[in-house]
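Protein sequences appear in the order of chains F and V.
Sequential numbering from 1 applies to the first sequence in the UniProt record's numbering.
Sequential numbering from 1 applies to the second sequence in the UniProt record's numbering.
Number of protein chains: 2
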Amino acid sequence: MGVDERRQQLIGVALELFSRRSPDEVSIDEIASAAGISRPLVYHYFPGKLSLYEAALKRASEDLAGRFEEPQEGPLGSRLLRVMRRFFDFVDDHGPGFSALMRGGPAVGSTATNALIDSVRQAAYVQILSHLRVTDPPARLELVVRSWISLAESTALIWLDGRRIPRAELEVQLVHDFAALAAVSAAQDAEMGALLREMLKDEPADGPFNDLVVRLISLAS
Amino acid sequence: MGVDERRQQLIGVALELFSRRSPDEVSIDEIASAAGISRPLVYHYFPGKLSLYEAALKRASEDLAGRFEEPQEGPLGSRLLRVMRRFFDFVDDHGPGFSALMRGGPAVGSTATNALIDSVRQAAYVQILSHLRVTDPPARLELVVRSWISLAESTALIWLDGRRIPRAELEVQLVHDFAALAAVSAAQDAEMGALLREMLKDEPADGPFNDLVVRLISLAS
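Structure follows, in structure tokens:
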């Protein structure tokens with residue numbers, strides 16, 4: 001194998017191991033053994049476990065950021081639901097590593113790892129704004145979108161801790177939560193009200209947003 | 001001053017400095033100078049900046065956890081609103097230190113600091129459950145309460161970044177968000193529906209929960 005090919009293979013093997021268990025439990029020996037090479041050869045490509053962890057995290061970050069990309073077609077609720085399904089696919093595949101990373105701590109909380117987490121959040125934020133067709137968001141819309149992204153993270157982390165709620169229910173719930181957070185903000189602010197009406201005007205009768213309204217009306221009665 | 005008195009004074013001085021600027025910008029020299037003692041004397045009481053930071057953070061954590069305590073009297077919406085006011089008072093007083101801590105990183109992201117953050121989240125969770133009069137919460141209620149606490153954190157962090165929205169609006173918004181997240185969950189699950197009806201049955205016509213419903217009806221029309 002060439003140098004770059006070997007590096008890419010090692011990153012893939014490491015990402016697999018760092019995803020399945022907390023990264024501080026994964027040793028270089030284990031990575032070497034899983035890659036079928038010697039420990040000194042691992043160090044030939046990466047100076048230490050941290051640099052290999054950061055490379056694996058960079059690949060995972062690019063993967064996750066890509067899952068927020070969605071064609072600008074069809075109603076907003078269905079687009080968000082497809083994004084949430086891909087987000088939970090990622091969380092499902094990388095559970096223990098995702099939990100360890102998001103909970104921080106010495107093994108995973110470096111400046112470089114925090115910058116990668118922020119880059120994924122920013123990519124998700126830019127994607128959601130593009131679907132809302134807003135280029136210069138008012139402060140309240142920025143708050144709704146960014147705090148919803150953080151809600152998706154915390155919902156996923158709580159789900160991973162025991163998986164006591166079916167993930168498909170939480171994917172729909174997060175789409176509903178987006179509409180609910182936007183509606184709460186719109187209830188206080190006319191500009192957000194106008195944005196919300198624009199967002200929801202193409203929603204079909206059987207889409208997730210109308211589904212929420214129907215369920216809430218039935219709950220209230 | 002006695003040993004304990006001097007330690008407590010140093011913790012107070014350090015907390016003040018760690019709150020006003022990012023903790024990695026605060027030096028032991030500065031803490032010594034603000035406390036009116038010599039640098040070696042600071043080291044006599046605390047082996048290094050990290051141990052002083054952790055002691056200051058412990059005091060701040062106990063303070064913050066205490067702000068979630070609220071008498072079990074009156075409607076739920078008003079209780080939550082008083083808690084949110086005290087939460088934003090805390091965030092306002094400790095802005096830069098709170099941001100640096102919650103964003104993690106090498107200066108603040110140790111195992112001990114993460115354990116303190118978790119202890120505050122747990123205290124807030126237990127307090128909210130006690131107001132809901134639930135001792136054995138179903139998984140969906142746990143998710144709503146814990147994810148709402150995380151939403152309060154992210155809302156405060158976004159607010160601190162420029163303070164572009166009046167904090168009083170966000171205090172009310174977070175109370176509304178609680179009702180909205182509970183309603184979204186209740187729309188999918190009968191047990192949550194029963195819990196939500198019980199939560200809201202004593203809400204007065206001019207309380208924050210009914211205020212939200214009135215505003216949403218006006219928005220929809």
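Even for Gly, the Cβ is constructed at its ideal location relative to N, Cα and C.
In this text, all values refer to a predicted model and were calculated from it rather than measured experimentally.
Check residue i in the structure and name its three-state DSSP category.
{"i": "Thr-155 of chain F", "result": "helix"}
{"i": "Pro-204 of chain V", "result": "coil"}
{"i": "Val-26 of chain F", "result": "coil"}
{"i": "Pro-96 of chain F", "result": "helix"}
{"i": "residue 252 of chain V", "result": "The requested residue 252 of chain V does not occur in the structure, where chain V is confined to residues 1 to 221."}
{"i": "Ser-78 of chain F", "result": "helix"}
{"i": "residue 222 of chain V", "result": "With chain V represented from 1 up to 221, any question about residue 222 of chain V goes unanswered, as that position is not in the structure."}
{"i": "Phe-18 of chain V", "result": "helix"}
{"i": "Gly-2 of chain F", "result": "coil"}
{"i": "Ser-38 of chain F", "result": "coil"}
{"i": "Ile-165 of chain V", "result": "coil"}
{"i": "residue 252 of chain F", "result": "Given that chain F is displayed from residue 1 to residue 221, the structure contains no residue 252 of chain F and the question cannot be resolved."}
{"i": "Glu-171 of chain F", "result": "helix"}
{"i": "Asp-189 of chain V", "result": "coil"}
{"i": "Glu-54 of chain V", "result": "helix"}
{"i": "Glu-73 of chain F", "result": "coil"}
How many angstroms separate the CA atom of residue i from the CA atom of residue j?
{"i": "Ala-123 of chain F", "j": "Glu-171 of chain V", "result": "28 Å"}
{"i": "Glu-30 of chain V", "j": "His-44 of chain V", "result": "16 Å"}
{"i": "Phe-8 of chain F", "j": "Tyr-53 of chain V", "result": "Residue 8 of chain F is actually Gln in this sequence, not Phe. Roughly 40 Å separates the two Cα atoms."}
{"i": "Leu-15 of chain V", "j": "Ala-35 of chain V", "result": "12 Å"}
{"i": "Val-42 of chain V", "j": "Ile-28 of chain F", "result": "40 Å"}
{"i": "Asp-206 of chain F", "j": "Pro-47 of chain F", "result": "54 Å"}
{"i": "Val-145 of chain V", "j": "Arg-82 of chain F", "result": "26 Å"}
{"i": "Glu-142 of chain V", "j": "Ala-115 of chain V", "result": "20 Å"}
{"i": "Ala-104 of chain F", "j": "Thr-135 of chain F", "result": "At residue 104 of chain F the sequence reads Gly, which differs from the Ala that was named. Going by the C-alpha atoms only, they are around 32 Å apart."}
{"i": "Val-213 of chain V", "j": "Ser-147 of chain F", "result": "22 Å"}
{"i": "Asp-92 of chain F", "j": "Glu-5 of chain V", "result": "51 Å"}
{"i": "Pro-208 of chain F", "j": "Leu-50 of chain V", "result": "49 Å"}
{"i": "Pro-40 of chain V", "j": "Glu-69 of chain V", "result": "39 Å"}
{"i": "Leu-195 of chain F", "j": "Phe-88 of chain V", "result": "27 Å"}
{"i": "Pro-204 of chain V", "j": "Ser-78 of chain V", "result": "10 Å"}
{"i": "Gln-72 of chain F", "j": "Tyr-125 of chain V", "result": "39 Å"}
{"i": "Ala-180 of chain F", "j": "Arg-197 of chain V", "result": "18 Å"}
{"i": "Leu-157 of chain F", "j": "Ala-187 of chain V", "result": "22 Å"}
{"i": "Ser-150 of chain V", "j": "Gln-127 of chain V", "result": "15 Å"}
{"i": "Asp-161 of chain V", "j": "Phe-178 of chain V", "result": "23 Å"}
{"i": "Arg-163 of chain F", "j": "Met-84 of chain F", "result": "16 Å"}
{"i": "Asn-210 of chain F", "j": "Asn-210 of chain V", "result": "22 Å"}
Excluding five sequence neighbours on each side, which residues of the same chain lie with their C-beta closer than 8 Å to the C-beta of residue i?
{"i": "Asp-202 of chain V", "result": "Pro-75, Leu-76"}
{"i": "Ile-117 of chain F", "result": "Ser-61, Leu-101, Met-102"}
{"i": "Met-199 of chain F", "result": "Leu-76, Leu-132, Ala-182"}
{"i": "Val-3 of chain F", "result": "Tyr-45"}
{"i": "Ser-137 of chain F", "result": "The residue asked about is misnamed: residue 137 of chain F is Pro in this sequence, not Ser. If we look at Pro-137 of chain F and ignore the five residues flanking it on each side, its Cβ neighbours are Leu-129, Val-145."}
{"i": "Val-13 of chain F", "result": "Ile-31, Ala-34, Ala-35"}
{"i": "Ser-110 of chain F", "result": "Leu-50, Glu-54"}
Near residue i, what residues of its chain come up, given a Cβ to Cβ distance below 6 Å and the 5 sequence neighbours on each side ignored?
{"i": "Ser-19 of chain F", "result": "His-94, Gly-97"}
{"i": "Ala-112 of chain V", "result": "Glu-54"}
{"i": "Arg-140 of chain F", "result": "Ser-185, Asp-189, Met-192"}
{"i": "Arg-86 of chain F", "result": "Arg-67"}
{"i": "Ile-11 of chain F", "result": "Ala-55, Ala-56, Arg-59"}
{"i": "Ser-22 of chain V", "result": "Pro-96, Ala-100"}
{"i": "Val-108 of chain V", "result": "Pro-23, Ala-100, Leu-101"}
{"i": "Met-1 of chain V", "result": "none"}
With a threshold of 7 Å on Cβ separation, who are the neighbours of residue i within its own chain once the five nearest residues in sequence on each side are excluded?
{"i": "Trp-159 of chain F", "result": "Ile-165, Arg-167, Leu-170"}
{"i": "Ser-38 of chain V", "result": "Ala-32"}
{"i": "Leu-64 of chain F", "result": "Phe-90, Val-120"}
{"i": "Glu-153 of chain V", "result": "Met-102"}
{"i": "Thr-155 of chain F", "result": "Leu-170, Leu-174"}
{"i": "Val-26 of chain V", "result": "Leu-17, Phe-18"}
{"i": "His-176 of chain V", "result": "Pro-208, Leu-212"}
{"i": "Leu-80 of chain F", "result": "Val-175, Phe-178"}
Original post:
Along the chain, which unbroken stretches of the alpha helix (DSSP H) at least 4 residues long are found entirely within the stretch 115-148 of chain F?
Top reply: Complete alpha helix (DSSP H) runs here, min 4: none at all.
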